[in-house]
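Residue numbering for the sequence shown follows full-length UniProt numbering, starting at 1 and increasing by one per position.
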Amino acid sequence: MNTVFDINSLARENIRKLVPYMSARRLGGNGTLWLNANEYPVSPDFQLTENSLNRYPECQPAAVIQRYANYAGLQPEQVLVSRGADESIELLLRVFCEPGRDAMLFCPPTYGMYSVSAEAFGIEQKKIPVKADWQLDLAAIENNLERVKLIYICSPNNPTGNLVDPAALRKILDLARNRAIVAIDEAYIEFCPQQDTTRWLQNYPNLVILRTLSKAFALAGLRCGFTLASADIIKLMLKVIAPYPLATPVADIAAQALTETGIRTMRARVAENTDNRLYLQQELRKSALVETVYPSETNYILVKFTDAEKVFKSLWDQGIILRDQRKQPGLENCLRITIGSRDECEQLINAINELSNPSQQIKEI
Ligand SMILES: Cc1ncc(COP(=O)(O)O)c(C=O)c1O
């Protein structure tokens, strides 16, 4: 008799067990209002200028690297470009952590890919929850550094929206000196530019900074991110990166986004987004369904509802797609909302007000 061979039995054990990252796109939904992936609401308009698609692209396109170095105030040797910041998260694990021996550390609730990537590479994870005020638990981190080669800190943090205290960041960098890399994920730093840590690179050889064009640069579909670090760390990462990580059209558009005009446009976008955030926060605070609107330094806000499940599902059914955070530690009844255009913010407020408006319910009866 022919027994059916289960191909899964060939897969590595950690991959069989792995729960993949549920990106906003994978979660699906039938949306008219997409407020679940911290994207910019409108696509910027770029034209392709590079037509040599018969040739492989440069591994590290010189114009992109030079322009990002200028933007960040660093030398080109301190910059690596990759397929989004997500690729950089993986490259760091591959360079610094030996499966079965080394560990990585992060502080939940935070961005989900640190854990998923560690799991995929078979690297032990040390999860040190943040304190009630969402700041780092320095004592617990200090007590758990054994075998840790890589620490991810997200600041401002996704999904909570708060900045990590710079004094605490420095303390971690000191604790980890000569033993571990500290990767500060600054995916949202353009929304609070005064907090960027690039100047610290001269004092902390173990500091790595992750950046992206997906958020304030409005180019999530481009898949382009950056790593800022010492020239030595960048050289190590270049050993493991794919031969052609950036498609020619991606490099072409990234270079345009990083011109002076591109950067000015990005800053105007941030100003408009911040206005909309303040408006949305103020309106949500008036709603009977809202318990807490947390402060934010980003293009999204975390909101605690009296009944988050009801809000999430009702809005989902109307095509308004938010990000459910209720399963994250300490985030009961919390939903994350991306700041859209003013019109989108108004549509959201109207929909939430309708949910809590008793006269509407009476009419329906
Ligand atoms: C904190 C954080 N880091 C990294 C990323 C991934 O960025 P990229 O689109 O450049 O891969 C995201 C995307 O949502 C994020 O929120």
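Ideal Cβ placement from N, Cα and C applies to all residues, glycine included.
Because the structure is a prediction, the values reported are computed rather than measured.
Bounds of any beta strand (DSSP E) do not take in Asp86; it lies within the alpha helix (DSSP H) bounded by Gly84 to Phe96.
A distance below 8 Å between beta-carbons, with the five flanking residues on each side excluded, links Thr292 to the following residues of its chain, in chain order: Val303 and Lys304.
Around the C-beta of Pro41, 16 or more other C-beta atoms lie within 10 Å, and the residue is accordingly described as buried. The beta carbon of Ile189 lies closer than 6 Å to those of Asp196 in the same chain, with the five residues before and after it left out. Runs of the alpha helix (DSSP H) spanning 4 or more residues and lying entirely within the region 235-319 occur at 248-257, 260-285 and 308-317, in chain order. One thing to note: Tyr21 has its Cβ within 8 Å of the Cβ of Gly112. Only residues of its own chain outside the window of five on either side were considered, and among them Ser230 have a CB closer than 6 Å to the CB of Pro205, listed in chain order.
For Val182, the uninterrupted beta strand (DSSP E) segment begins and ends at Ile181 to Asp185. Leaving aside the five residues that flank Val64 on each side, the residues in its chain whose CB is nearer than 6 Å to its CB run, in chain order, Val81, Ala251, Ala254 and Ala255. Three or more Cβ pairs closer than 8 Å define a contact, and the region 168-181 falls short of that threshold against the region 52-63. If the five residues before and after Val148 are omitted, its C-beta is found closer than 7 Å to the C-beta atoms of Ala103, Met104, Leu105, Lys126 and Ala180, all from its own chain and listed in chain order. Closest in C-alpha terms to Cys345, from the list Trp34, Thr198, Gly73 and Asn333, comes Trp34. Of the heavy atoms belonging to ligand 1, at least one sits nearer than 7 Å to the Cβ of Thr212. Just so you know, the alpha carbons of Leu213 and Ile337 end up roughly 20 Å apart.
Taking the CA atoms as reference points, Val19 sits about 11 Å from Ser117. For Thr298, the CB contacts under 6 Å within the same chain, skipping 5 residues up- and downstream, are Pro156, Gly161, Tyr188 and Phe191 in chain order. Following the DSSP letters along the chain, one finds Gln66 inside the alpha helix (DSSP H) bounded by residues Ala62 to Ala72.
The Cβ atoms of Leu150 and Leu93 lie closer than 8 Å to each other. Taking Thr261 as the centre and dropping the five residues before and after it, the same chain places no C-beta closer than 6 Å to its C-beta.
Secondary structure of Lys171 (DSSP, three-state): helix. Here DSSP, grouped into helix, strand and coil, assigns Arg336 to strand.
At a cut-off of 7 Å, the beta-carbon of Cys59 does not count as near ligand 1: no heavy atom of the ligand is closer than that.
Residue pairing from DSSP leaves Ile7 without any beta-bridge partner.
The alpha-carbon of Val79 is positioned some 21 Å away from that of Arg170. Cβ contact annotation for Leu163 (same chain, cutoff 7 Å, sequence separation greater than five): Ser155, Pro156, Cys192, Gln195 and Glu297, in chain order. Tyr114: member of the alpha helix (DSSP H) spanning Met113 to Phe121, first to last residue.
In the structure shown, Glu190 adopts helical secondary structure according to DSSP, grouped into three states. Counting other Cβ atoms within 10 Å of its Cβ, Asn30 stays below 16 and is therefore classed as exposed. Annotated three-state conformation of Trp200 is helix, per DSSP.
Between Ile172 and Ile153, the beta carbon gap of about 7 Å places them in contact (Cβ cut-off 8 Å).
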